[in-house]
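Enquirer: Shown below is the structure under consideration.
Residue numbers (my numbering), protein chains in the order written: chain A, 1 to 508; chain B, 1001 to 1138.
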């Protein structure tokens, strides 16, 4: 064990890469699934071991290829990245058993192994973005995860999946290009690609180069903004989530946008934080306004959406708004709420999309009209859907409440009652869209033949759903694991900001 | 087919030299411009030229589709496997220094191996793309 321990950062990324290669060789769906399952279940163990190590002894640094940072690529695990690694790998491990039946139904048999290969590559990319301490390496992993997710989305049953994947490909490429242009500016300014090193050198950049620094910030913000579906840049997301295979939707909704958010937190707080005085730029205001717009507009669109997958996709855009609101608030409580909501939203959306996957498995449709009265036929599935839906609303006793509580506290700390009102008011809109589904599913008689003949899905699909729903409730009550870690991560990040000591005029 | 005699003979004459140039680009990558990516493209180019002149069936007798498709993951396996071997020998992932008796030779070996992996994957990808387009509608 002691010989494996120092290599955990590399193994976290290399094992899924090997898994993807093996899955591509096997070419048989069942075997590829077995590989994917084994790899995915190993990932949270590695992530947990590293989190434990970080809590015990501080950040881990791993020199890729033996080249010392900042010259070589450094894999760097601190509290925040360990938290996100555990989040992504944990949710992926919970969803994985669901894949077998769902993929068999929705993907052509000859493509199953390739699909698992793409899934493992996507996992490699997402874990890689989170673990790397190198700006360009993060771009490479961003492309690995994006390209594989385009393929996963294009494999959807509906032919519109191809168009959705192409739309995402165009937007995603623009986003990645913007990010790499921003990194180019940073390299020009500092001559370094290592996040920690860039942060050190940016602090010494003269005022005559300030505009180049702002340009770098603008490019990476816009680029990653597309990837995380920040409000006006979210257009690719609803169709991509709606037409992708159920498993791909559940996995991507729970992980892809979260990792993009991680990257932007890393850049804002750990890289630019020391050099740019955010009080002098309207960046915080811009993020808060866009976040609030996302919370209201995307939620409002979700209310009128007839396709349940699209409804949840718009809800995702709104929920990302809460996360970015926490980033924009940039104080201890707000950032805690944002980071905790990363975790909480991943669990909730994972549960909701797995529930919809089960519905599609039995009924063959995710349209609201086609699931009337389904609650009586698939009671466990729809009960899980309702509980996770309560989480989206932010009911006390679920995870959604915890993060919204911290966000409201963060808004109060920054002295804005209006934002507290916005958080509560936008939650009311989510009551409408979740309530609408619950009403139609539970309080009406089944009418269509498909619904009458439906029943709860097989255990392999039901168990992931139950596990995720249990997590929605468990982490809503026992908050030390999610919000506690998020709070410590936020402390670490805001502690690195020079402006953290009392911004002028703020009532601390 | 009998009319394009010059084309067919010319292609057969030129093919070995293209392949040789691919290998030159591959092995000279340490000292000059070149490396696995360019060599992979040139090597795949020989098969594509062969397919254009003699037909897709003849080309697939040389490199069957299944081989081309398996070359894609095989190259990554060679690349990542080199890294894993370095790890097993006590270095970090992709640390070539431990691959041979001294670091300089280790780096030479390591770069040779990963560049070979790149060649295999790139050539496989080019060919798979070419086959996929040519076979469309058949």
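Here a beta-carbon is modelled for each residue, glycine too, at the ideal position from N, C-alpha and C. Quick caveat: nothing in here was measured; it's all calculated off a predicted structure.
Name the residues in the region 1082-1097 of chain B whose C-beta lies less than 9 Å from a C-beta of chain A; which are they?
Expert: For the region 1082-1097 of chain B, which is checked against every Cβ of chain A, the residues closer than 9 Å are 1083, 1084, 1086, 1087, 1090, 1091, 1092, 1093, 1094, 1095, 1096, 1097.
Enquirer: Of all the residues that make up the region 57-71 of chain A, which are near chain B by a beta-carbon distance shorter than 9 Å?
Expert: 62, 63, 64, 65, 66, 67
Enquirer: The alpha helix (DSSP H) with residue 61 of chain A in it runs from where to where?
Expert: Here residue 61 of chain A refers to the residue found at position 61 when the first chain is read from its first residue. For residue 61 of chain A, no alpha helix (DSSP H) segment is defined; the enclosing uninterrupted segment is the beta strand (DSSP E) at 60-63.
Enquirer: When the Cβ atoms of the region 375-391 of chain A are set against those of the region 278-295 of chain A, are three or more pairs found closer than 8 Å?
Expert: Result no; under three Cβ-Cβ pairs closer than 8 Å.
Enquirer: Grab the span of the alpha helix (DSSP H) containing residue 534 of chain A for me, first residue to last.
Expert: Outside the shown range of chain A (1 to 508) lies residue 534 of chain A, about which nothing can therefore be said.
Enquirer: Give the range of the alpha helix (DSSP H) segment to which residue 1067 of chain B is assigned.
Expert: Counting from 1 along the second chain, the entry for residue 1067 of chain B is found at position 67. Counting along the chain, the alpha helix (DSSP H) containing residue 1067 of chain B begins and ends at 1065-1088.
Enquirer: At a Cβ threshold of 7 Å, is residue 341 of chain A touching chain B?
Expert: By 1-based counting over the first chain, the position of residue 341 of chain A is 341. With 7 Å as the cut-off, residue 341 of chain A does not count as an interface residue toward chain B.
Enquirer: Where residue 382 of chain A and residue 355 of chain A are concerned, what is the direct C-alpha to C-alpha distance, given to the nearest angstrom?
Expert: Position 382 of the first chain, counted from the start, is the residue given in the question as residue 382 of chain A. Position 355 of the first chain, counted from the start, is the residue given in the question as residue 355 of chain A. Spanning the two alpha carbons is a distance of roughly 7 Å.
Enquirer: Give me the Cα-Cα distance between residue 302 of chain A and residue 160 of chain A, rounded to the nearest whole angstrom.
Expert: Position 302 of the first chain, counted from the start, is the residue given in the question as residue 302 of chain A. Position 160 of the first chain, counted from the start, is the residue given in the question as residue 160 of chain A. Approximately 20 Å between the Cα atoms of the pair.
Enquirer: Leaving out the 5 sequence neighbours to the left and right, which residues in its chain are closer than 7 Å to residue 146 of chain A when beta-carbon positions are compared?
Expert: Taking the first residue of the first chain as position 1, residue 146 of chain A is located at position 146. Contacts found: 172, 176.
Enquirer: Would you list, in sequence order, the uninterrupted alpha helix (DSSP H) runs of no fewer than 4 residues that lie entirely inside the region 142-213 of chain A?
Expert: 160-190, 195-202
Enquirer: Specify the secondary structure class of residue 352 of chain A as computed by DSSP and reduced to three states.
Expert: Looking up residue 352 of chain A in the first chain gives position 352. Correct three-state label for residue 352 of chain A: helix.
Enquirer: Spell out a yes or no on whether the region 1009-1020 of chain B and the region 1083-1098 of chain B are touching, meaning 3 or more CB-CB pairs, one atom from each, closer than 8 Å.
Expert: no
Enquirer: Where residue 416 of chain A and residue 291 of chain A are concerned, what is the direct C-alpha to C-alpha distance, given to the nearest angstrom?
Expert: Working through the first chain from its first residue, we reach residue 416 of chain A at position 416. Working through the first chain from its first residue, we reach residue 291 of chain A at position 291. Answer to the nearest angstrom: the Cα atoms are 15 Å apart.
Enquirer: Counting beta carbon pairs with one atom in the region 66-77 of chain A and one in the region 102-120 of chain A, are three or more of them shorter than 8 Å?
Expert: Counting Cβ pairs under 8 Å, fewer than three are found: no touch.
Enquirer: Spatial neighbours of residue 505 of chain A within its chain, please: C-beta separation below 6 Å, excluding the five flanking residues on both sides.
Expert: As a first step, residue 505 of chain A must be located in the first chain, where it is residue number 505. Any answer about residue 505 of chain A is weak, because its pLDDT of 38 lies below 50 and its placement is not dependable; what the coordinates show is given next. No residues qualify anywhere along the chain.
Enquirer: When you compare only the Cα positions, how much space is there between residue 219 of chain A and residue 260 of chain A?
Expert: Start at 1 with the first residue of the first chain, and residue 219 of chain A comes out as number 219. Start at 1 with the first residue of the first chain, and residue 260 of chain A comes out as number 260. Between residue 219 of chain A and residue 260 of chain A, the C-alpha separation is close to 14 Å.
Enquirer: Roughly how many angstroms lie between the CA atoms of residue 75 of chain A and residue 10 of chain A, to the nearest whole one?
Expert: Indexing the first chain from 1 puts residue 75 of chain A at position 75. Indexing the first chain from 1 puts residue 10 of chain A at position 10. Rounded to the nearest angstrom, the two C-alpha atoms are 8 Å apart.
Enquirer: Give me the chain B residues within the contact set of residue 17 of chain A, using Cβ-Cβ distance strictly less than 8 Å, ordered along the chain.
Expert: Residue mapping note: residue 17 of chain A aligns to position 17 of the first chain, counting from 1. Under the 8 Å cutoff, chain B gives 1076, 1080.
Enquirer: The beta strand (DSSP E) spanning residue 77 of chain A covers which residue range?
Expert: Taking the first chain and counting its residues from 1, the one referred to as residue 77 of chain A is at position 77. 74-77 is the span of the beta strand (DSSP E), which, as asked, contains residue 77 of chain A.
Enquirer: Residues in the same chain with beta-carbon distance under 7 Å from residue 423 of chain A, minus the five sequence neighbours each way, listed in chain order, please.
Expert: For the purposes of this step, residue 423 of chain A is taken as the residue at position 423 of the first chain. Within the same chain, residue 423 of chain A has close Cβ partners 404, 407, 408, 411.
Enquirer: Taking Cβ-Cβ distances shorter than 7 Å, what residues in chain A pair up with residue 1073 of chain B?
Expert: Counting from 1 along the second chain, the entry for residue 1073 of chain B is found at position 73. Within chain A, the residues near residue 1073 of chain B are 21, 24, 25.
Enquirer: Between the C-alpha atoms of residue 156 of chain A and residue 366 of chain A, what's the straight-line distance to the nearest angstrom?
Expert: Translated into positions along the first chain, residue 156 of chain A becomes position 156. Translated into positions along the first chain, residue 366 of chain A becomes position 366. If I take the Cα positions, the gap works out to 14 Å.
Enquirer: When you compare each of A/235, A/22, A/99 to residue 168 of chain A by their alpha carbons, which one comes out closest?
Expert: For the purposes of this step, residue 168 of chain A is taken as residue 168 along the first chain, with counting starting at 1. Here the closest residue by C-alpha is A/235.
Enquirer: Should the region 82-101 of chain A be called in touch with the region 36-45 of chain A, which here means at least 3 C-beta pairs below 8 Å?
Expert: yes
Enquirer: Would a C-beta distance cut-off of 7 Å place residue 295 of chain A and residue 313 of chain A closer than the cut-off?
Expert: The residue labelled residue 295 of chain A in the question sits at position 295 within the first chain. The residue labelled residue 313 of chain A in the question sits at position 313 within the first chain. No, Cβ-Cβ distance for residue 295 of chain A and residue 313 of chain A is not below 7 Å.
Enquirer: What residues in its chain sit with their C-beta under 7 Å from that of residue 130 of chain A, if we drop five residues either side in the sequence?
Expert: In the first chain, residue 130 of chain A corresponds to position 130, counting from 1. 81, 84, 85, 88, 259, 262.
Enquirer: Applying the 10 Å Cβ sphere with the 16-neighbour rule, what's the burial state of residue 452 of chain A?
Expert: Translated into the one-based positions of the first chain, residue 452 of chain A becomes position 452. Exposed: under 16 other Cβ atoms inside 10 Å.
Enquirer: By the criterion of Cβ-Cβ separation under 9 Å, what are the contact partners of residue 7 of chain A in chain B?
Expert: If you number the first chain from 1, residue 7 of chain A lands on position 7. In chain order: 1087, 1092, 1093.
Enquirer: Under three-state DSSP, which class holds residue 1125 of chain B?
Expert: If you number the second chain from 1, residue 1125 of chain B lands on position 125. Reduced to three states, the DSSP call for residue 1125 of chain B is helix.
Enquirer: Could you work out which residue in A/191, A/238, A/63, A/466 is closest to residue 298 of chain A when comparing CA atoms only?
Expert: Counting from one through the first chain, the residue named residue 298 of chain A turns up at place 298. Comparing Cα-Cα distances from residue 298 of chain A to each of A/191, A/238, A/63, A/466, the minimum goes to A/238.
Enquirer: Okay, do the region 337-348 of chain A and the region 250-259 of chain A touch, 3+ Cβ pairs below 8 Å being the bar?
Expert: yes
Enquirer: Could you list which residues in chain B have their beta carbon closer than 9 Å to that of residue 14 of chain A, in chain order?
Expert: Start at 1 with the first residue of the first chain, and residue 14 of chain A comes out as number 14. By Cβ distance, chain B contributes 1080, 1083, 1084, 1087, 1093.
Enquirer: For a contact meaning CB atoms closer than 8 Å, what does residue 1008 of chain B contact in chain A?
Expert: Position 8 of the second chain holds residue 1008 of chain B. Within 8 Å Cβ-Cβ: nothing; residue 1008 of chain B doesn't reach chain A, min ~36 Å.
Enquirer: Taking 8 Å as the limit between beta carbons, can you name the residues of its chain near residue 144 of chain A, skipping five residues before and five after?
Expert: Position 144 of the first chain, counted from the start, is the residue given in the question as residue 144 of chain A. So the qualifying residues of the chain are 121, 122, 124, 125, 128.
Enquirer: Does the count of Cβ pairs from the region 214-231 of chain A and the region 51-69 of chain A closer than 8 Å reach three?
Expert: no
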